[in-house]
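If you read the sequences in order, they're chains A and B.
So the first sequence is residues 390 to 610, counted in the numbering used here.
So the second sequence is residues 390 to 610, counted in the numbering used here.
C-beta: ideal position from N, C-alpha, C; glycine also.
Here the structure is a predicted model, which is why all the values come from computation and not from measurement.
There are 2 protein chains.
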Amino acid sequence: MCAAKRKPSDDPLAVPAAVIGRLSLYLRELSHFVRAGNLTTNSDELSTRLGLSAAQVRKDLAYFGQFGRPGIGYRCEELIGAIRSILGTDRRWPVLLAGVGNLGRALLGYRGFVPQGFEIVAAVDVISEKVGTEVEGVRVEHLDGLAEIVRREGIAVAILAVPAGSAQAVADRLVAAGVRGIVNFAPVTLSLPEETSLLGVDLAIQLEQVAFSVANRQLPR
Amino acid sequence: MCAAKRKPSDDPLAVPAAVIGRLSLYLRELSHFVRAGNLTTNSDELSTRLGLSAAQVRKDLAYFGQFGRPGIGYRCEELIGAIRSILGTDRRWPVLLAGVGNLGRALLGYRGFVPQGFEIVAAVDVISEKVGTEVEGVRVEHLDGLAEIVRREGIAVAILAVPAGSAQAVADRLVAAGVRGIVNFAPVTLSLPEETSLLGVDLAIQLEQVAFSVANRQLPR
DNA sequence: TAGATTGTTAATCGATTAACAATC
DNA sequence: TAGATTGTTAATCGATTAACAATC
């Protein structure tokens with residue numbers, strides 16, 4: 390009746406989340422290399438730049454195929470294409486923004502999304518003064534129109550930038566409207582169906598992590 | 390002549406970075422519990438809420454001491470105080486913002502920092518039209534005044550929200566001015582002295598991670 | 001007391017690293 | 001060819017989990 394829940398470890402094809410995180414970093418470095426005019430790179434250069442081991446870079450990439458040539462290394466453009474294809478960013482992702490506050494507005498104006506394949510094509514809010522306005526070329530619509538917007542724009546991924554108090558309710562509505570992945574900037578833990586991808590970005594927590602590290606860093610001896 | 394570099398594993402007191410990350414999540418949940426009127430909680434409740442195991446919660450906390458009572462659990466307020474003390478956020482951290490663009494402005498207006506002990510008390514930029522203005526009650530000063538600002542305000546931690554192209558140069562100046570930890574929002578890998586704490590938050594990468602997860606999620610069978 | 005839940009140890013699991021044959 | 005660097009296997013390391021005596 391109820392299918393057994395598969396843990397990640399049940400799936401022999403499962404790739405550790407940390408590997409996917411590093412894939413994004415490799416992609417970013419490779420773009421810099423290309424901009425610097427480099428045609429090829431290798432696991433040593435890539436790993437040194439990122440503070441990893443060369444073996445780790447090779448192993449990470451090996452989860453997905455053979456992208457390098459012994460004795461030569463990796464062709465930057467080729468590897469960029471491969472990683473984009475793995476991440477799924479070789480195509481364009483229309484993104485919905487929920488919550489046009491301070492942070493939401495900043496995200497609407499952020500230039501870094503489009504080159505990576507993401508474009509915020511719609512924004513929703515509940516404040517009537519905001520609804521109907523246009524911010525950074527994107528029309529702000531009412532939250533109530535969510536399902537129609539998601540269908541109209543073919544949206545799979547949303548950014549949640551609403552106040553903490555309404556984050557869970559809005560997240561539920563996003564899921565109900567068909568959104569399949571959410572980047573959540575509200576400082577709350579969301580409960581969502583397992584099949585919804587969720588990544589939390591808590592700005593205060595980022596500062597906390599650095600503060601701990603500063604406070605506990607041993608001084609060089 | 391050159392002191393041997395200590396790897397984290399050399400230090401028997403070293404706590405895994407992942408543990409510190411979860412500490413922030415425990416703190417956030419505990420605040421919610423308190424707001425909901427709960428006096429005590431336990432490793433089961435905390436872990437379920439966060440999708441972890443109860444053993445992990447207990448083990449994480451055990452790195453730092455004994456905060457619970459067998460048969461009872463943890464007193465929320467008490468544990469909050471303990472975690473704040475561990476993270477170093479039981480005191481106020483004055484924060485410097487470098488880069489008053491779209492994102493910088495949003496961060497200046499973000500209400501979530503102060504309750505966690507962080508206050509942006511100064512902002513710097515290089516654009517002369519911005520210098521001298523006041524944003525969200527914070528005066529924007531010129532980057533050239535960095536060292537004096539850091540000294541004057543007693544700043545240890547900075548947020549870097551400048552364009553990618555100038556991030557490394559500005560980061561170098563932050564370090565030279567005495568900043569000891571940086572949260573970097575520019576989509577570049579920074580090279581900084583080992584003793585500087587660094588955390589990168591790349592907004593496009595957050596979306597990439599969710600996109601991968603959405604694209605590769607197995608549909609429920 | 002009986003029930004609940006901790007802190008901690010030992011066992012398991014998974015991820016990273018080292019090493020090297022294959023090969024450009 | 002000699003040198004460089006990959007992909008991959010086996011060894012190591014570290015983190016998570018399970019289990020349970022201690023104890024509120």
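- Looking at the DSSP output, B/G589 bridges to B/N573.
- Secondary structure of A/R464 (DSSP, three-state): strand.
- Inter-residue distance for B/L468 and A/P483 is about 42 Å (C-alpha atoms, whole angstroms).
- DSSP links B/E523 through a beta bridge to B/R528.
- Taking 8 Å as the cut-off between beta carbons, the residues of the segment 427 to 442 of chain A near chain B are R438, L439, in sequence order.
- Secondary structure of A/P483 (DSSP, three-state): strand.
- The alpha carbon of A/F456 has as its nearest neighbour, out of A/R481, A/L439, A/Y415, the alpha carbon of A/Y415.
- In this structure, DSSP gives B/F601 a helical state, which the three-state scheme calls helix.
- Note that the segment 527 to 544 of chain A touches the segment 477 to 494 of chain A; at least 3 beta-carbon pairs, one per stretch, sit closer than 8 Å.
- Note that the C-beta distance between B/T429 and B/C465 is below 8 Å.
- Closest in C-alpha terms to A/R528, from the list A/G498, A/D479, A/G506, A/L476, comes A/G498.
- Counting of Cβ neighbours within 10 angstroms places A/I461 among the exposed residues, the total staying below 16.
- It is roughly 29 Å from the alpha-carbon of A/G589 to the alpha-carbon of A/G521.
- Sorting A/L419, A/R424, A/A550, A/G426 by C-alpha distance to the C-alpha of A/E434 places A/L419 at the top.
- The beta carbon of A/R481 does not come within 8 Å of any beta carbon belonging to chain B, so the residue lies off that interface.
- For B/L579 against B/A565, the beta-carbon gap comes to about 14 Å, at or over 8 Å, which does not count as contact.
- In the structure shown, B/E583 adopts coil according to DSSP, grouped into three states.
- Taken through DSSP and simplified to helix, strand or coil, A/E434 comes out as helix.
- Taking C-alpha positions only, A/P459 is separated from A/V446 by approximately 14 Å.
- Taking A/G493 as reference, the option from A/P504, A/A512, A/D479 with the minimal CA-CA separation is A/A512.
- Interface criterion not met: the Cβ of B/L485 is under 8 Å from no Cβ in chain A.
- With contacts defined by Cβ atoms closer than 8 Å, A/Q505 and B/E597 form a contacting pair.
- Annotated three-state conformation of A/V515 is coil, per DSSP.
- Around the CB of B/D591, 16 or more other CB atoms lie within 10 Å, so the residue is classed as buried.
- In this structure A/D449 is buried. Its beta-carbon is surrounded by 16 or more other beta-carbon atoms within 10 angstroms.
- Residue nearest to A/G454 within the set A/G526, A/I475, A/A443 is A/I475 (criterion: CA-CA distance).
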